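Have a look at the structure below, then the notes.
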Amino acid sequence: MLDLILVLFALAILLLAVGLLQPLATRLAVPQTLVLAMLGVVLGLFVGPWQPVGLLQPVTDLSEGLELLNLTAEGFLFLFLPPLLFTAGLSVDVRLLREDMAAVLLLAVVAVFVCVLVVGLTLWPLAGMSLAACLLLGAVVGPTDPAAVVGVFKDIGAPRRLTTLVAGESLFNDAAAIVLFSLFVALLSQGEPLSFLTGLETLAIAFLGGSLFGILAGKLAGYAFRWVGRSAVAATSVTVALAYLVYILGERYVGVSGVVAVVAAALVVAVDGPTHLVPTVWQSVKTAWQQLEFWGNSLVFVLASMLAVISLPDAAGEDLLLVLLVVVAALAARCLVLYLLLPLIVLLRLTRPIGERFKLVIVWGGLRGAVTMVLALAVAGEAALPEEVRDFVALLAIGYTFFTVLVQAPSLKPILRLLKLDRLPPLEQQLRDRVLALSVEEVDRQVRHAAESYDLPSELAERVILKERPATPEPSMTEDDSLLVGLLTLVTRERELYMRHLHEQVLGRRLVASLISSTDRHRDAVRDEGLKGWLRSTAWVLQFHPPQRLAIWAQRRMGWRQPLAIALADRFELLLITRFVVGELRDYATERLAPVMQSDARAALLAALDERQRELDTALTAARTRYPSYSEALAARYLARIALRLEAVSYNRQLEEQLISREVHADLMRNRDQRSAKVSHRPILDLGLELAEMIDRVPLFHELPQASQQRLASSLRPGLALPDEAIVVKGRRGRRMYFIVAGEVLVELPGGKIRLGPGAFFGEMALLSREPRSATVRAEGYCHLLMLDDVDFREVIRRDPELRHHFEEVAAARRAGEQPKSSQPKEA
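Each residue of the sequence shown is one higher than the last, beginning at 5 in my numbering.
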């Protein structure tokens, strides 16, 4: 019990110290890790060989408590690694990471292997240690720490791509280095040689298995998020449990890399979290993880610094030379990767080129931090390793980390300024200027309104506006740049609107995830191709994609209607919501963007929005024409959710103004939530493919004898054609004929186009003649069809000569360029 009290006392003192030192580091403009390292040095004097005697009892108890904090190797890994890795995964912008994934993987995974080899082979002839021990040191110093670097980048406004590269590199090289670390520790502990193939197999299982396990766990966490709802504390508890469970299960039970699994799970949560949780809850989760990361980083640096002080009496002058040798080898390894290997993947067009200034910063910005410290502490506490190996790896790793913290980190900001990387790129600067102009205009308007509301002199308002207005640069961009900035602003606004509707519970999480993904594609397209890319990307969203076409295939081939109904309902809802949001974007562009854009760019932007509105209206009209009842039900559901959201806002405002009590508010909200549950479920889309009803709507079948009708009905299958779908393609072999129940098709003939409506049929000519199709037939909007396969067609006409004669008569007339009345043609 006394030991537990002493440990808690030491932890409380540590947390108090790091909490008070963090503002000191900010005021002194030095890296926080530097201040923490100094704290560790001071505390190390209380537990090291220079521990003074005759101290006060609290100081003595603190010394004993700090000694008891010396965990085992496994304890350091299991306690500190999950939160450090999970926080790093949450902080990465996955969308930006995808753009440079090839470069990130090169800087991370390949660079770690290069670092391990270069450091290990450089020290092996000089350190007097085995090659395995030197390679273990290389694995320990392999992980980079983006915390200090990214903090500097944010302070000076460095380019986002540089920040993404450094953060992504750190995330993945942590996983790669720790897997290699485990491999070398096992090798040195067991004393048995490890074959190349066995090591390669171990790494493959660790990475691939850990990735799959982490992705699965992250997806399961998404379902847990739906269960916890709006409880921030519950959502945070789920993520903390996820980080530790994934690591422990992966390492001890599943047989994969727990480190890789934690990274993969964190990336999945980073993608799904903003759509599965409301914004306030998601922000609370991220804030909690920032707190956990602060504690973890702080404790690791303090404990590692204490270990360095304890080990100093045993250190020799040659150890300092070895530390400098590690510095040179690590920097050389990064140069090798950036200047020799990176150009190769650029030539293969796997990533965009990285400028020389970026490369210099990435080389010098490869700081080491908490993960390296954790691995060093783990080695120091690994009893299975020889003592000389433990001292060698821990001392050099901590010494190298101190060098990056004391030398590289403070010099990074001046280097960035010297390379002029503290300035925004031209496009980002222009976007910043536009945002500033919009903000200034809005502030001016509100100040004037406030003066009017409080009956203050208008001259006073104008004087305040002139005095407090920030300097806004004169517009200097071209028409093309102005249009590009406007498009990027629109894409950002569209994303914000979707997230706002999610927060207001107007939209569902699954739909918002799809819409957010579409805005990411719009942004990438704008950056690559400008207006042309935006038009292409927005038009692509309106197309029918493989999942929907697969549902069509399943319905036609196997009669499965449910997947098709779900796919079309998803599309219907997406079109409806996008149309509403684009209307909001049109208003925003007219009122907010247009006044600060150049004339030609303004006209092009508004014309592009109008074109997008027309495309959406066309797609919606096609759906509404075929399914008017469903369209009305879906729109009514959307309006009902808006009404419920406004109702909740009204109740909350009345509670804040104390017009109603908390009990009344709770009762009103319970009633509102019950009604909300009823409209949360989307209405079911009836495709209208009931066979008997469809047959009854084809006039041809009414003219046939009863027996013929029954034979034909038994062979027919219902089907649905999508707008602009090529039902029949000229030159292909005919496999079935079609009867139009509802909708229209367009027959593309050499002499023109003919439109066929309900009651008409087509496709019989190729079946009768056994020749390739003579024309292409496309659906005009959604088209309900009855389909008769080739085999069934021949059986039907064999049994029914009258029906055969009718088909042959129609086919002959069509070959002659005529059109029988029964086919109901319309000139297109």
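Positions of the beta carbon are idealized from the N, C-alpha and C atoms, including for glycine. These numbers come from a predicted model, not from an experiment.
Using C-beta distances below 7 Å, list every residue in its chain close to residue i, excluding the 5 sequence neighbours before and after it, in chain order.
i	result
valine 98	Leu271, Ala274, Val275
alanine 21	Leu43
If you drop the 5 nearest sequence neighbours on each side, which residues of the same chain put their C-beta closer than 6 Å to that of residue i?
i	result
alanine 717	Ile699
leucine 659	His669
threonine 523	Val495, Glu498, Arg499
glycine 534	Leu488
What number of angstroms, rounded off, separates the C-alpha of residue i from the C-alpha of residue j?
i	j	result
glycine 756	alanine 225	57 Å
leucine 572	valine 383	58 Å
valine 776	methionine 769	A small correction: the amino acid at residue 776 is proline; valine does not occupy that position in the sequence shown. Taking the straight line from one Cα to the other gives about 9 Å.
leucine 10	leucine 40	21 Å
arginine 230	threonine 279	10 Å
serine 633	aspartate 178	55 Å
glutamine 26	threonine 291	17 Å
leucine 650	histidine 505	12 Å
leucine 519	leucine 724	26 Å
valine 45	alanine 308	9 Å
arginine 630	tyrosine 786	6 Å
leucine 85	threonine 284	27 Å
aspartate 574	leucine 515	8 Å
alanine 239	leucine 281	8 Å
leucine 492	arginine 721	48 Å
valine 444	glycine 233	38 Å
leucine 613	tryptophan 564	38 Å
tyrosine 642	leucine 578	12 Å
leucine 220	phenylalanine 176	18 Å
serine 521	histidine 788	32 Å
alanine 598	glutamate 697	53 Å
Assign residue i to one of three DSSP states: helix, strand, or coil.
i	result
proline 357	coil
arginine 553	helix
histidine 788	strand
tyrosine 837	Since the first residue shown for the chain is 5 and the last is 832, residue 837 is missing from the structure and cannot be characterised.
lysine 734	coil
proline 762	coil
isoleucine 349	helix
aspartate 793	strand
proline 567	helix
leucine 753	strand
proline 805	helix
arginine 256	helix
glutamate 748	strand
threonine 30	helix
phenylalanine 548	coil
alanine 783	strand
proline 776	coil
tyrosine 631	coil
So, for residue i: in the same chain, excluding its five sequence neighbours on each side, which residues have a beta-carbon less than 8 Å away from its beta-carbon?
i	result
tyrosine 655	Ile664, His669, Leu672, Met673, Arg676
phenylalanine 117	Ala180, Leu184
alanine 681	none
lysine 223	Val272, Asp276
isoleucine 801	Leu807, Arg808, Phe811
aspartate 323	Leu399, Leu400, Gly403
lysine 825	Summary for lysine 825: the model assigns pLDDT 49, below 50, so the residue's position carries little reliability, and this model does not support an answer.
leucine 38	Ala29, Val409, Leu410, Ala413, Pro414
Hey, out of the options, whose CA is closest to residue i's CA?
i	options	result
alanine 333	Val367, Val304, Gly300, Glu322	Val367
leucine 335	Val123, Ala236, Leu792, Ala607	Val123
leucine 691	Ala14, Leu726, Leu704	Leu726
leucine 381	Leu83, Leu648, Val653	Leu83
histidine 526	Val545, Arg467, Gly512	Val545
tyrosine 742	Ala764, Leu352, Leu121, Leu253	Ala764
methionine 503	Met601, Phe305, Leu125, Thr582	Thr582
aspartate 794	Ala815, Gly738, Arg759, Phe305	Gly738
Does the ligand PLP have even one heavy atom less than 8 Å from the beta-carbon of residue i?
i	result
leucine 423	Here there are no bound small molecules, and the ligand PLP is not part of this structure.
Contact between the stretch 399-418 and the stretch 340-352 is defined here as three or more beta-carbon pairs at a separation below 8 Å; is this criterion met? no
**Q.** At least three beta-carbon pairs within less than 8 Å, the stretch 126-146 to the stretch 376-396
**A.** yes
- Does the stretch 215-222 come close enough to the stretch 262-270 to have 3 or more Cβ pairs within less than 8 Å? Segments in contact, yes.
### Task
Evaluate contact between the stretch 369-381 and the stretch 397-408, counting only Cβ atoms and requiring at least three cross-stretch pairs below 8 Å.
yes
Cβ contact (3+ pairs, closer than 8 Å) linking the stretch 629-647 and the stretch 587-595 | no
Exercise. Is the stretch 611-630 close to the stretch 548-568, with three or more CB pairs under 8 Å?
Worked result: At 8 Å Cβ cutoff, the stretches do not touch.
Quiz item: For the stretch 674-694 against the stretch 729-741, are there 3 or more C-beta pairs whose distance is under 8 Å?
Solution: no
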